[in-house]
Structures are given as C-alpha cells and as structure tokens.
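Working notes, beginning with the structure itself.
Number of protein chains: 2
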Amino acid sequence: MVETRRQQIEDAASVLFRERGYSATSVRDIAQVLNLQGGSLYAHVASKEDVLWSIVLRAADRFDSIVRPIAEAPYLPAPERLRRMVRAHARVVTDDLGNATVFLHEWRFLGDARRAEVALRRDDYEALFRTVIADGSATGELDGADPKLAATLILSALNGIAGWYRPDGPLTAEAIAHQYADLFTRALSPTGGVDR
Amino acid sequence: MVETRRQQIEDAASVLFRERGYSATSVRDIAQVLNLQGGSLYAHVASKEDVLWSIVLRAADRFDSIVRPIAEAPYLPAPERLRRMVRAHARVVTDDLGNATVFLHEWRFLGDARRAEVALRRDDYEALFRTVIADGSATGELDGADPKLAATLILSALNGIAGWYRPDGPLTAEAIAHQYADLFTRALSPTGGVDR
C-alpha cells in the first residue's frame, strides 16, 4: 500500500513536472492532484527533489537495462548493434514518454551531488554508443570520424523525439525507430557517397 | 537610453531563464541582477512574459534571417543548400548560446496565443529543411524517404548542441558545424551504402 501510494505520487509528479517544469511545481500541487494534504505527502517522500530523483533514476535504469545488453552483445557486428541500440532507445522514449521527458529536461534541477551522479551515468550511457561506433570504425564497418560527436548527435536526435512524438500522431513509434536507425546507419556508413 | 535598459533587462532575464528556467524566475530576480527595484522594471517591460517573448522573437528571427536565404537560393543544388543550412543553424546556436537555449527550452511557457504563433513559426522554419530534402529527393540528389521526419531529426540534433556546447570545450563551433553537416548529408545521400 505504501509502495502503491509512493508510485501514485511519482506518477502525479511526473505529469506536473512535464507540464509546468519541476521548479514551478510545489509539493502542494502534487498533493492536490491526489486529493491529499500537503503534509501527508511527506509520510511517503522526503522532498520534492526526492520524487524527481526517483523518476530520473527509474528512467535512467530503463534506458540502460535495455540498451546495454545490445551494446555489449559480442556476436553482432557493430552496424547491427548500433541499429538495434537506436531502435531500442527510441522505443524507451516513446513507450514511457512522460517519465523520459522529465528525466531528459528536469534532471538539471537536482541538487549538485545527484546532478553530478546523473551526468556520470549519462556519460557512461553515451559511451555505449561511442564504443560501438569506434568498434565499427576500427573494423571498417562504420566510418565514424569522431565517435564522440556522432554519439552525441544520435542521442540528441533520439531524445528530441520526446519533444514531438504523439501516440496518436501520423507516425507509429515503430516507424520512427526504424527510420531513425536507417538514417544514422547511413550517416556512419563507410560507403556513404559524399566526398569529404 | 530606454532601449539600452530594455536590452539589459532582456540579457539579464535570458541568463536567469536559462539557469533556473522561466517559471522559477521572478521579475524581482531580474531586477535584483540589475540593482533595480522590482517596480521600476515595469517602466521598461509590461511583464515577465513580455521579456521572454522578446527573447524568443529575436532568436527566431535570427535563425530565419540567416537560414532562409540559403534554403531559397535558386542556384545551389539541394545537397549543398542542406549542408549550408545545417552549418548556419549550428552557428546561430553556438554564437548566441544563451538566447538560443532560452528560445528552444522556455518558449513553451508563453501564453497560448504567443505559443501558437511560435509553433507556427517553428513549423514554417522546419519547412525550409523539409522542402530542401524533398527538392533533392525529386532530382535524385538526396534520398529522403520521409522529408518531414528527416528534417525533424536534423533540427533535434542541431538544437541539442545548445545543451552541451561549451565555447571553451575541445571542439570549435566550426568543427561541430562541419561534422554535423557531413553526417546529415551522408544520412540523406542517395548512394548511402546500407541495404534497405
């Protein structure tokens, strides 16, 4: 029951953080959505930041748990790993749009220590993409002149999906994931046709 | 003098909006940075939203005035137009990082009518990219299966630069602009080497 209430609080907070931003949301706002007194919320959460922290950790875990096994699959060639990682990341964004958006936009409002921890985790996650691009470049299967910049470009574009995707929009999540994977794979293809 | 003070207010507001977010910044905060009384700020601006509106309009104008002439240059082939548009957009982001960031992240806090106007302007701007990709696809110079999605991908990645670029970082703005242009051009190259 306490678990459930805590989850309700996080879900309500996630909606408000996404709509108004973390800074403009008060504990009272969250309580109001749940028909609670502001004070009774504190039986379940230590602070507003504590709720943001839970949402951020859960989202970060989700990306990591789904994409890391693909990145580290020893039997797949680098371009195929990259393609699957892109598709998987896109699907995490579209499947859990609300929490992904809060994670991506509001994490910078965490306190210093937690923000530093998230920055490290994000860098660690981005390294999965850098490594696959570097692996593929080493074998000639990919042409990533600058794996770090290419990984940044890919993740910026993928995270941007959170800003415009609508479940009832004209493109299915599946179509977006596939087309993004195609475009990035071609961008890094060693036979890309542009003189450089 | 009034012009100058207004500009000072917008600059101070832009820094605060970027650091704390628009919602968490008060008119008093802006006044404090300028050593003014909150009330005397209202001699220069009608409201906090009014200041955000000025910053947003100025940034939108900047992107448009620099990128539109390239998009509409009749004498350049589509891939070259796309390449130059990408470089130009990236340079606007890196040259005016503060205002670009506020424009890209805080515009959604504008009131309904202004937000709708910005949404229209952004769509109009994105259409420049869609059109060039569609033009190039029609002549076979580019392979954009879905020009709308490709334009969205490109602009998401370009706007993402505002989130990580540091003027004192390892990559120059020029290098970022060039490499992004390379990667996008290859992603849309008709001789891209990936089977589809």
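Protein sequences appear in the order of chains X and A.
Residue numbers for the first sequence follow the working numbering, beginning at 241 and rising by one.
Residue numbers for the second sequence follow the working numbering, beginning at 241 and rising by one.
All residues carry an ideal CB built from backbone N, CA and C; glycine is no exception.
Residue burial classification, residue i (beta-carbon count within 10 angstroms, cutoff 16)
i: X:Tyr262; result: buried
i: A:Asp435; result: Below a pLDDT of 50, predicted positions are generally treated as unreliable, and A:Asp435, at 42, falls in that range; no measurement from the model is reported.
i: A:Gly278; result: exposed
i: A:Ala313; result: exposed
i: A:Ala353; result: exposed
i: A:Gly432; result: In this predicted model, A:Gly432 has a pLDDT of only 46, less than 50, meaning its place in the structure is not dependable enough to derive any value.
i: A:Pro387; result: buried
i: X:Tyr499; result: Residue 499 of chain X lies beyond the residue range present for chain X, which begins at 241 and ends at 436; the question has no answer from this structure.
i: X:Ser280; result: exposed
i: X:Phe424; result: buried
i: A:Thr334; result: buried
i: X:Thr392; result: buried
i: A:Ala415; result: exposed
i: A:Leu276; result: buried
Proximal chain B residues relative to residue i, where beta-carbon distance stays under 8 Å
i: X:Asp363; result: As a matter of chain content, chain B is missing from the structure shown, whose protein chains are X and A.
Close beta carbons around residue i, own chain, < 7 Å, minus the five adjacent residues each side
i: X:Asp375; result: Ala318
i: X:Gly338; result: Ser254, Val255, Arg258
i: A:Glu250; result: Val291, Ser294, Ile295
i: A:Asp304; result: Tyr365
i: A:Gly380; result: Pro430
i: X:Arg298; result: Asn339
i: A:Leu377; result: According to the sequence shown, residue 377 of chain A is Ser rather than Leu. So the qualifying residues of the chain are Asp383, Gly384, Pro387.
i: X:Arg308; result: Leu368
i: A:Pro407; result: none
i: A:Gly409; result: none
Contact under 9 Å by Cβ, residue i with residue j
i: A:Leu395; j: A:Phe369; result: yes
i: X:Arg331; j: X:Ile295; result: no
i: X:Asp422; j: A:Ala367; result: no
i: A:Ala413; j: A:Ala390; result: no
i: X:Ala417; j: X:Val326; result: yes
i: A:Val267; j: A:Ser287; result: yes
i: A:Ala356; j: A:Ala402; result: no
i: A:Asp397; j: X:Ala397; result: It should be noted that the sequence gives Ala, not Asp, for residue 397 of chain A. The answer is yes: Cβ separation under 9 Å.
6 Å Cβ shell around residue i - same chain, five flanking residues per side excluded
i: A:Asn399; result: Leu344
i: A:Arg246; result: His284
i: A:Leu411; result: none
i: X:Trp347; result: Val296, Val358
i: X:Arg324; result: Ile310
i: X:Leu322; result: Val372
i: X:Ala252; result: Ile270, Val273, Leu274
i: X:Tyr405; result: Thr334
i: A:Arg302; result: Val332
i: X:Arg260; result: none
Residues of its chain near residue i, where Cβ-Cβ distance is below 8 Å and the 5 sequence neighbours each way are ignored
i: X:Ala300; result: Phe343, Val358, Arg361, Arg362, Tyr365
i: A:Leu350; result: Glu289, Leu292, Trp293, Val296, Val358
i: X:Asp336; result: Ala299, Arg302
i: X:Gln248; result: Leu274
i: A:Leu316; result: Ile310, Arg324
Task: Entirely enclosed alpha helix (DSSP H) segments - the region 257-337 of chain A, minimum 4 residues - done: 267-273, 278-281, 288-311, 318-335
TODO: With a floor of 4 residues, list each alpha helix (DSSP H) that falls wholly inside the region 325-399 of chain X, ordered by position along the chain.
DONE: 337-346, 352-379
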